[in-house]
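Trainee: Offset between the sequence shown (1-based) and my numbering: plus 1323.
To start, I am sharing the structure in question, which I have written as structure tokens.
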Amino acid sequence: IYSSPAALIVGYPDPRGGVPYTRNRVLLTSLDMNYSPGDIDLTSVTAYFVNDQKQYSTFSFGQFGANELQKYSAFSQEFRLATDFDFPLNATVGTYYQKTDFPVTNAALFQNTPVDPVTGRRFSAQQDMDLDTRTYSIFGELSLKIGDTIEINGGARATWERKDFDYTLSYVAPALRGV
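Right under this line is the structure:
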């Protein structure tokens, strides 16, 4: 494994001394709650997920490098109501919500650029991206029992989703501007 000389990693976000690395931290939690007052089942499902990843890689015996910082997070909530009557017709209805956030920063040295005298950075370029998503859904299903062995089911779901994406080329080395 080749590490980058200290002079090449000046200004990199989290370069860890120029030694290649990948660090991945994951958290996944969920909570499922049920309440059944008689012939009705109420359910709530809540979940939260985070994947925090950082990495630095070198190329050409440590003379070129790149790093990436990203943190994906998602929160979701679902509510359901289901009937279980002693009747041929039963139903399930519910709602769903999810919010995700996915920011990414990466920087790369892809040309032997000199140190920027204003910022002190040594890498060639840095880009920052962020994707935010919100999802809303409603759903329902009807179940009709026809005799002891036949059941007919029909359902529908409507989903609305909004995505916001931001991209910024937040840094370009002076030697590469206008190229």
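Quick reminder that beta carbons are idealized off the backbone N, C-alpha and C, glycines included.
Following the continuous beta strand (DSSP E) through P1509, name the residue where it begins and the one where it ends.
Mentor: Given a span of 1324 to 1502 for the chain in the structure shown, any question on residue 1509 remains unanswerable.
Trainee: Rounded to a whole number of angstroms, what is the C-alpha to C-alpha distance between V1349 and I1469?
Mentor: Translated into positions along the sequence shown, residue 1349 becomes position 26. Translated into positions along the sequence shown, residue 1469 becomes position 146. Straight-line Cα distance between these residues: approximately 47 Å.
Trainee: Output the distance between the C-alpha atoms of K1422 and L1412, rounded to the nearest integer angstrom.
Mentor: As a first step, residue 1422 must be located in the sequence shown, where it is residue number 99. As a first step, residue 1412 must be located in the sequence shown, where it is residue number 89. Each residue's alpha carbon lies about 34 Å from the other.
Trainee: What residue range does the beta strand (DSSP E) around L1392 cover?
Mentor: The residue labelled residue 1392 in the question sits at position 69 within the sequence shown. Residues F1387 to T1406.
Trainee: Please list the segments of the beta strand (DSSP E) lying wholly inside the region 1420–1491, counting only runs of 3 or more residues, in order along the chain.
Mentor: Listed in chain order, the complete beta strand (DSSP E) runs (minimum 3 residues) inside the region 1420–1491 are 1448–1469.
Trainee: Going by the CB atoms, is the gap between T1491 and D1455 shorter than 8 Å?
Mentor: Indexing the sequence shown from 1 puts residue 1455 at position 132. Indexing the sequence shown from 1 puts residue 1491 at position 168. In this structure, T1491 does not lie closer than 8 Å to D1455 by Cβ.
Trainee: Are the beta-carbon atoms belonging to P1336 and T1415 less than 8 Å from one another?
Mentor: To locate residue 1336, count along the sequence shown from 1; it is residue 13. To locate residue 1415, count along the sequence shown from 1; it is residue 92. Between P1336 and T1415, the CB-CB gap reaches or exceeds 8 Å.
Trainee: If the criterion is Cβ atoms closer than 8 Å, does the pair Y1379 and P1338 meet it?
Mentor: Locating residue 1379 in the sequence shown gives position 56, counting from the first residue. Locating residue 1338 in the sequence shown gives position 15, counting from the first residue. Yes, these two residues count as a Cβ contact at 8 Å.
Trainee: Take the Cβ of S1447 as the centre, count every other Cβ of all protein chains shown within 10 Å, and call the residue buried at 16 or more, exposed below.
Mentor: Walking along the sequence shown from the start, residue 1447 turns up at place 124. Buried is the call here.
Trainee: State buried or exposed for T1381, treating a residue as buried only when at least 16 other CB atoms are found within 10 Å of its CB.
Mentor: Your numbering for residue 1381 matches position 58 in the sequence shown. Counting Cβ neighbours within 10 Å, T1381 comes out buried, since at least 16 surround it.
Trainee: Nearest to G1443 by CA position, among I1363, S1353 and V1495, is which residue?
Mentor: Position 120 of the sequence shown, counted from the first residue, corresponds to residue 1443. It is V1495 whose Cα lies nearest to the Cα of G1443.
Trainee: By how many angstroms is the C-alpha of Y1344 removed from the C-alpha of Q1294?
Mentor: Residue 1294 lies beyond the range of the chain shown here (1324 to 1502); nothing can be said about it.
Trainee: Determine which residues share a DSSP beta bridge with R1348 and list them.
Mentor: Indexing the sequence shown from 1 puts residue 1348 at position 25. Partner(s): D1375.
Trainee: Which residues in the same chain as Q1449 place their Cβ atom closer than 6 Å to its Cβ, once the five residues preceding and following it in sequence are excluded?
Mentor: Walking along the sequence shown from the start, residue 1449 turns up at place 126. These residues qualify, in order along the chain: A1430, S1493 and Y1494.
Trainee: Given 8 Å as the limit, is there contact between the region 1477–1488 and the region 1459–1466, that is, 3 or more CB pairs closer than that?
Mentor: The region 1477–1488 is in contact with the region 1459–1466.
Trainee: Using the DSSP secondary-structure output, state which residues sit across from F1410 in a beta bridge.
Mentor: In the sequence shown, residue 1410 corresponds to position 87, counting from 1. For F1410, which the question treats as bridged, DSSP gives no partner whatsoever.
Trainee: Pull up the distance between the alpha-carbon of V1438 and that of Y1420, whole angstroms please.
Mentor: Locating residue 1438 in the sequence shown gives position 115, where the first residue counts as 1. Locating residue 1420 in the sequence shown gives position 97, where the first residue counts as 1. Spanning the two alpha carbons is a distance of roughly 47 Å.
Trainee: In this structure, how does DSSP classify A1370 when only helix, strand and coil are distinguished?
Mentor: Translated into the one-based positions of the sequence shown, residue 1370 becomes position 47. In the structure shown, A1370 sits in a strand (DSSP, three-state: E or B).
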